[in-house]
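Visitor: I'd like to ask some things about the structure below.
Protein chains in written order, with the working numbering: chain V, 1 to 172; chain W, 1001 to 1388.
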């Protein structure tokens, strides 16, 4: 994994659900229950997405690909740059006319986190770097997360709603 | 350019304040700030309104307040960096002669009765739409998840630990004990931090800030005029912003460095100071981790040394670098960038009471917005800046 390189400074679509620069959660003092680090093996039903995923017309090729166990993401043909699934344009040339292309599905782990629901369910979250360069927010399947861990896409095909990728350890 | 100063600070009730809209809270805060300065509303010729997330007022606030013949009226938004952006814009406008007394206000009311604070900024849905919805469906339901990823990356790279983040929570709470405005004033231990429930690992509950309703306003005017007003002037020495425009792709420094590395040196250069001159810091602390990475980027310790620096006890009462002397957003109140700014004004005036830091000649203030995407820095002092 490279770090601190200057990269491209132009601003692109930022992948965040909320922008206020803060959180957050209820503040109750005195909750003492300690939760151990959770690995995917004991994440139970929360491992799958909560609620079905529907198409909205914008990322249909991504979902078409996922249905066939292929990772299809946006790409700028002229700049030869790849992007995360929700990208809307290329900051290199300014085009908003991205094509969709099949990525290898290989990735490596940049960072991870485990979200905890109020009811005690957990889900392992990951920020992964696709072999083609873009970063993607996803679910993680490994018992031993570490920065740089080689990963590959695995596709989930729920009974209801669209298929989607999660990332598992490549060499297991 | 004319020196400028913060001459008034107005704060509404903060926290679980229900029944007042953000517009009303903003108006109340502006009135309180003008009153604090010893000014009438009719003395104001500028108003800058911060963006908020829950129906915050826009420039219509001028009408609500009955302000007339303004020479400056605008709404600004750089998320958590907005408060400093407002003050520096006001200072520049006053310095240029375009305005003379400018109110800057933030108000928000995300809390609702009978709903948890967590739900204020949390997404829930029965089904999810498109590639954006997929992300939320998989568990990225609030900003907590993204800051958790940032913190974990720093931990992996530099060996930063949860206990080191906890040292920031403990120090901040120790300061809050002395602040009557703070929402959380019971001291906590590192064990309390470690045993508080996970929100998103590696962030415990006590790594995350509060949610508050309320409004805060300041009045900016010329240093010369501020001298004749009701409160000790808080002189504005310098400011800066940093918006790295980080792309989430190979080579990104997400979680490792922020716009503070751009903003801090710019503000300190304008102020004519270095980190060695800073007596206390009021750092935007949406999370403990934000404090840690900001202090590194400002140069108060080397990159990667923020954890040991925090664990050394430097930041708390009696430490070498008092940080968030009012309890910050972690333990005080969450008014976006107005939290650190308001405490800086109180400290510069010497009105901190039992929490007053030993020295207040130079106070550094920070703002942070997005997921470490936007940063602003302000340097203030009770002393007029010695001009070039």
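Where a beta carbon is used, it is the ideal one built from N, C-alpha and C, also for glycine.
Small disclaimer: the values here were computed from a predicted structure and weren't measured.
Mind listing the chain V neighbours of residue 1202 of chain W? Cutoff is C-beta to C-beta under 8 Å, in chain order.
Guide: The answer, in chain order, is 113.
Visitor: Extract the residue ranges of the beta strand (DSSP E) inside the region 1089-1143 of chain W, only unbroken runs of 3 or more that lie entirely within it.
Guide: Here the runs fully enclosed are 1101-1108.
Visitor: Counting only beta-carbon atoms, is residue 41 of chain V nearer than 8 Å to chain W?
Guide: In this prediction, residue 41 of chain V scores a pLDDT of 38, lower than 50, which makes its location untrustworthy; the coordinate-derived value is nonetheless stated afterwards. Not closer than 8 Å to any Cβ of chain W, the Cβ of residue 41 of chain V fails to qualify, so no.
Visitor: Looking at the secondary structure, which residues open and close the alpha helix (DSSP H) in which residue 1342 of chain W lies?
Guide: Looking at the DSSP string, the run of the alpha helix (DSSP H) that includes residue 1342 of chain W is 1338-1349.
Visitor: Taking all protein chains shown into account, decide if residue 117 of chain V is buried (16 or more other Cβ within 10 angstroms of its Cβ) or exposed.
Guide: The residue is exposed, with fewer than 16 neighbouring Cβ atoms inside 10 Å.
Visitor: Once DSSP output is grouped into helix, strand and coil, what is the label at residue 1009 of chain W?
Guide: Of the three classes helix, strand and coil, the one that applies to residue 1009 of chain W here is strand, per DSSP.
Visitor: If you compare alpha carbons, which of W/1370, W/1257, W/1332 and W/1365 is closest to residue 1379 of chain W?
Guide: Answer by Cα proximity: W/1365.
Visitor: Could you tell me whether any Cβ in chain W is nearer than 8 Å to the Cβ of residue 116 of chain V?
Guide: Yes, contact with chain W.
Visitor: Counting only the same chain and skipping the five closest in sequence on each side, list residues whose C-beta sits under 8 Å from that of residue 59 of chain V.
Guide: Only 85 and 86 meet the Cβ criterion.
Visitor: So which residues on chain W does residue 77 of chain V lean against when the C-beta distance must stay under 7 Å?
Guide: The contacting residues do not exist; residue 77 of chain V stays about 17 Å from chain W at best.
Visitor: When the Cα atoms are used, what is the spatial distance from residue 1345 of chain W to residue 1094 of chain W?
Guide: Residue 1345 of chain W and residue 1094 of chain W: Cα-Cα distance of roughly 19 Å.
Visitor: Could one say the Cβ of residue 1149 of chain W lies closer than 8 Å to chain V's Cβ atoms, at least one of them?
Guide: At least one chain V Cβ lies under 8 Å of residue 1149 of chain W.
Visitor: Three Cβ pairs or more, each shorter than 8 Å: is that satisfied between the region 1094-1114 of chain W and the region 1065-1077 of chain W?
Guide: As far as the Cβ criterion goes, the region 1094-1114 of chain W touches the region 1065-1077 of chain W, which means the pair count is three or higher.
Visitor: Residue 1010 of chain W and residue 1217 of chain W look like a contact to me (Cβ under 8 Å); what is the Cβ gap, rounded to whole Å?
Guide: That pair is a contact at about 4 Å.
Visitor: Which residues does DSSP list as the beta-bridge partners of residue 1368 of chain W?
Guide: Its beta-bridge partners are W/1375.
Visitor: Check residue 159 of chain V in the structure and name its three-state DSSP category.
Guide: Reduced to three states, the DSSP call for residue 159 of chain V is coil.
Visitor: May I ask you to list, following chain order, the residues of the region 1280-1304 of chain W that have a beta carbon less than 8 Å from some beta carbon of chain V?
Guide: Taking 8 Å as the Cβ-Cβ cut-off against chain V, the residues of the region 1280-1304 of chain W that qualify are 1284, 1286 and 1287.
Visitor: Decide if residue 1059 of chain W is buried, meaning its Cβ has at least 16 other Cβ atoms within 10 Å, or exposed.
Guide: Exposed, since its Cβ has fewer than 16 Cβ neighbours within 10 Å.
Visitor: Quick check: what's the CA-CA separation for residue 1261 of chain W versus residue 1372 of chain W?
Guide: One C-alpha to the other measures close to 11 Å.
Visitor: Verify the CB distance criterion: does residue 54 of chain V have a CB-CB separation below 8 Å to chain W?
Guide: Yes, residue 54 of chain V lies at the interface with chain W (some Cβ there is under 8 Å from its Cβ).
Visitor: Looking at C-alpha atoms only, which residue of V/67, V/155, V/88 and V/66 is the closest neighbour of residue 76 of chain V?
Guide: It is V/88.
Visitor: Would a check of beta-carbon distances place residue 67 of chain V closer than 8 Å to chain W?
Guide: It does not: the Cβ of residue 67 of chain V has no partner Cβ on chain W nearer than 8 Å.
Visitor: In chain order, what residues of the region 122-139 of chain V put their CB closer than 7 Å to some CB of chain W?
Guide: Correct list: 123, 125, 127, 129, 133, 134, 135, 137, 138 and 139.
Visitor: How many Å lie between residue 26 of chain V and residue 1363 of chain W at the Cα?
Guide: Because residue 26 of chain V carries a pLDDT of 36, less than 50, the predicted location of this residue cannot be relied on, and no value is offered for it.
Visitor: With 8 Å set as the bound, which would you pick, yes or no: does the beta-carbon of residue 1037 of chain W sit closer than that to a beta-carbon of chain V?
Guide: No, no contact with chain V.
Visitor: Note down, in chain order, every chain V residue with its Cβ under 8 Å from the Cβ of residue 1237 of chain W.
Guide: Under the 8 Å cutoff, chain V gives no residues; its nearest Cβ is about 24 Å from residue 1237 of chain W.
Visitor: What do you get for residue 113 of chain V, buried or exposed, if any count of 16 or more other CB atoms within 10 angstroms of its CB means buried?
Guide: Classification for residue 113 of chain V: buried.
Visitor: My assumption, with CB atoms under 8 Å, is that residue 1219 of chain W sits in contact with residue 1034 of chain W. Please give the rounded CB distance.
Guide: Confirmed, about 6 Å.
Visitor: Does the beta carbon of residue 159 of chain V come closer than 8 Å to any beta carbon on chain W?
Guide: By this cut-off, residue 159 of chain V is not an interface position.
Visitor: Going straight from the alpha carbon of residue 959 of chain W to that of residue 1080 of chain W, what length do you get?
Guide: As displayed, chain W neither begins before 1001 nor continues past 1388, which places residue 959 of chain W out of reach and without an answer.
Visitor: Scan the region 1155-1176 of chain W for residues whose Cβ lies nearer than 8 Å to a Cβ of chain V and list them as they occur along the chain.
Guide: Flagged, chain order: 1156 and 1157.
Visitor: In terms of residue numbering, what span does the alpha helix (DSSP H) encompassing residue 1163 of chain W cover?
Guide: Looking at the DSSP string, the run of the alpha helix (DSSP H) that includes residue 1163 of chain W is 1162-1176.
Visitor: Between residue 1071 of chain W and chain V, is there a C-beta pair that is closer than 8 Å?
Guide: Chain V contact via Cβ: absent.
Visitor: Return no unless some Cβ of chain V is closer than 8 Å to the Cβ of residue 1247 of chain W.
Guide: Chain V, which has a Cβ nearer than 8 Å to the Cβ of residue 1247 of chain W, makes this yes.
Visitor: Unbroken beta strand (DSSP E) runs of length 3 or more, entirely within the region 1168-1248 of chain W: which are they?
Guide: Listed in chain order, they are 1198-1201, 1214-1222 and 1234-1242.
Visitor: Pull the bridge partners of residue 167 of chain V from the DSSP assignment, please.
Guide: For residue 167 of chain V, which the question treats as bridged, DSSP gives the partners V/140 and V/153.
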